[in-house]
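Participant: Once you've had a glance at the structure underneath, I'll fire off some questions.
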Amino acid sequence: MSGLQRFENKLEQMISGVFARAFRSAVQPVEIASALNREVDNSAQILSRDRRLVPNTFTVELSPSDHERLAGLGPQLPRELIELLREHAAQQSYVFTGPVSIDLVVSEELTTGRFRVRSKAVSSSSLAAGEPSDTQVRRATATLEVNGERLPLAPPGIVIGRGNDADLRINDPGVSRKHIEVRVEEAQELGGPPRISVHDLGSTNGVLVNGRRVEQAALADGATIKIGTTTMALHLNQG
Numbered sequence: 000m001s002g003l004q005r006f007e008n009k010l011e012q013m014i015s016g017v018f019a020r021a022f023r024s025a026v027q028p029v030e031i032a033s034a035l036n037r038e039v040d041n042s043a044q045i046l047s048r049d050r051r052l053v054p055n056t057f058t059v060e061l062s063p064s065d066h067e068r069l070a071g072l073g074p075q076l077p078r079e080l081i082e083l084l085r086e087h088a089a090q091q092s093y094v095f096t097g098p099v100s101i102d103l104v105v106s107e108e109l110t111t112g113r114f115r116v117r118s119k120a121v122s123s124s125s126l127a128a129g130e131p132s133d134t135q136v137r138r139a140t141a142t143l144e145v146n147g148e149r150l151p152l153a154p155p156g157i158v159i160g161r162g163n164d165a166d167l168r169i170n171d172p173g174v175s176r177k178h179i180e181v182r183v184e185e186a187q188e189l190g191g192p193p194r195i196s197v198h199d200l201g202s203t204n205g206v207l208v209n210g211r212r213v214e215q216a217a218l219a220d221g222a223t224i225k226i227g228t229t230t231m232a233l234h235l236n237q238g
């Protein structure tokens with residue numbers, strides 16, 4: 000019995016009576032499960048010969064009526080969808096970039112029976128020295144934004160990678176143990192911004208700065224750095 004068939008059997012136990020009849024004209028949970036499988040298939044990036052990297056955060060947009068019906072199933076539906084998605088990923092040798100989450104949200108522009116799946120890769124990150132305070136972030140002349148969090152930068156800079164010995168650890172299978180170094184030098188002029196550059200530390204998958212692969216590059220305000228599936232942005236305090 001396939002994973003989708005087992006999923007349908009579980010749903011039959013979850014849904015009964017009038018509620019089951021209502022589902023016949025609405026979005027079927029098994030349709031969502033199939034769409035999630037297709038989403039990871041279409042988004043897979045080659046990590047190695049036997050491993051492919053896929054998104055881990057999924058948003059399913061539903062019409063108000065479909066959302067109301069599916070929400071009536073409670074938290075069990077997202078749990079079952081995640082379990083099925085993990086099974087599909089294991090069969091295809093996919094690697095998620097982090098914990099898997101599936102959110103069902105309302106889209107007013109969708110009609111009953113129609114839905115959309117959106118996905119993105121979100122890796123977790125942590126600083127070896129501990130999380131900075133709000134005051135440290137505000138006073139910093141330069142910050143690095145990672146997954147919505149801003150981290151202050153100061154000379155001599157930081158090493159970023161997946162290993163425990165990195166200053167900024169990123170839980171992303173596409174990131175090497177020591178992937179890049181972001182070097183920070185004091186400003187040449189009093190009160191000016193620091194000089195910041197990025198250097199590839201011999202990583203497996205390389206580094207992109209503003210969409211271009213580099214071994215090293217000077218960074219200006221707003222520059223983006225991508226390693227693995229993780230994108231970071233540099234922000235300079237212009238005073």
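In this text, residue positions in the sequence shown follow numbering that gives the first Met the number 0: the first is 0, and each later residue adds one. Glycine included, every Cβ here is placed at the ideal spot set by N, Cα and C.
#1: Less than 7 Å between the beta carbons of Val104 and Ala34, yes or no?
#2: Which value, in whole angstroms, describes the spacing of the CA atoms of Asp166 and Val197?
#3: Which parts of the stretch 179-213 are runs of the beta strand (DSSP E), unbroken and 3 residues or longer, counting only runs that do not cross its ends?
#4: When burial is assigned at 16 or more other CB atoms within 10 Å of the CB, is Ile224 buried or exposed?
#5: Report the rounded CA-to-CA distance for Asp220 versus Ala127, giving the unit in angstroms.
#6: Would you say Ala186 faces chain C, with C-beta separation under 7 Å as the test?
#7: Residues in its own chain within less than 7 Å of Gly205 by CB, not counting five upstream and five downstream?
#8: Using a Cβ-Cβ cutoff of less than 7 Å, which residues in the same chain neighbour Thr142 once the five nearest sequence positions on both sides are dropped?
#9: Going by beta carbon distance, what residues of the same chain come within less than 7 Å of Phe114, once the five residues before and after it are set aside?
#10: Around the Cβ of Gly16, are there at least 16 other Cβ atoms within 10 angstroms (buried) or fewer (exposed)?
#11: Beta carbon of Gly162, beta carbon of Ser122: below 7 Å?
#12: If Val99 sits next to Leu52, beta carbons under 8 Å apart, how far is it from one beta carbon to the other, in whole angstroms?
#13: Could you tell me which residues DSSP puts in a beta bridge with Arg51?
#14: Grab me the residues of Thr110's own chain with a C-beta within less than 7 Å of its C-beta, minus the 5 sequence neighbours each way, in chain order.
#15: Would you tell me roughly how many angstroms separate the C-alpha atoms of Ile159 and Ile101, rounded to the nearest one?
#16: Asn236 to Asp164, Cα distance in whole Å?
#17: Would you give the residue range spanned by the alpha helix (DSSP H) that Asp133 belongs to?
#18: Considering Glu67, what are the terminal residues of the alpha helix (DSSP H) in which it resides?
#19: When the Cα of Ile45 is compared with those of Arg182, Pro172, Pro155, which residue comes out closest?
#20: Can you round the beta-carbon distance between Ile157 and Val181 to whole angstroms, since I take them to be within the 8 Å contact cut?
#21: Within this structure, are the beta carbons of His87 and Asn36 separated by less than 7 Å?
#22: Classify Glu130 as helix, strand or coil using the three-state DSSP reduction.
Facilitator: Taking the geometry as given:
#1: no
#2: 14 Å
#3: 179-184, 194-199, 206-208, 211-213
#4: buried
#5: 25 Å
#6: Although the question refers to chain C, the structure presented lacks it and comprises just one protein chain.
#7: Asp199, Arg212
#8: Val136, Arg149, Leu150, Pro151, Leu152, His234
#9: Val26, Ile31, Val59, Glu60, Leu61, Asp65
#10: Because Gly16 carries a pLDDT of 44, less than 50, the predicted location of this residue cannot be relied on, and the following value inherits that uncertainty. Flag for Gly16 reads exposed.
#11: no
#12: Not quite, the Cβ-Cβ distance comes to about 13 Å (not below 8 Å), so this is no contact.
#13: Ile45, Tyr93
#14: Ser62
#15: 28 Å
#16: 29 Å
#17: 133-138
#18: 63-70
#19: Pro172
#20: 5 Å
#21: yes
#22: coil
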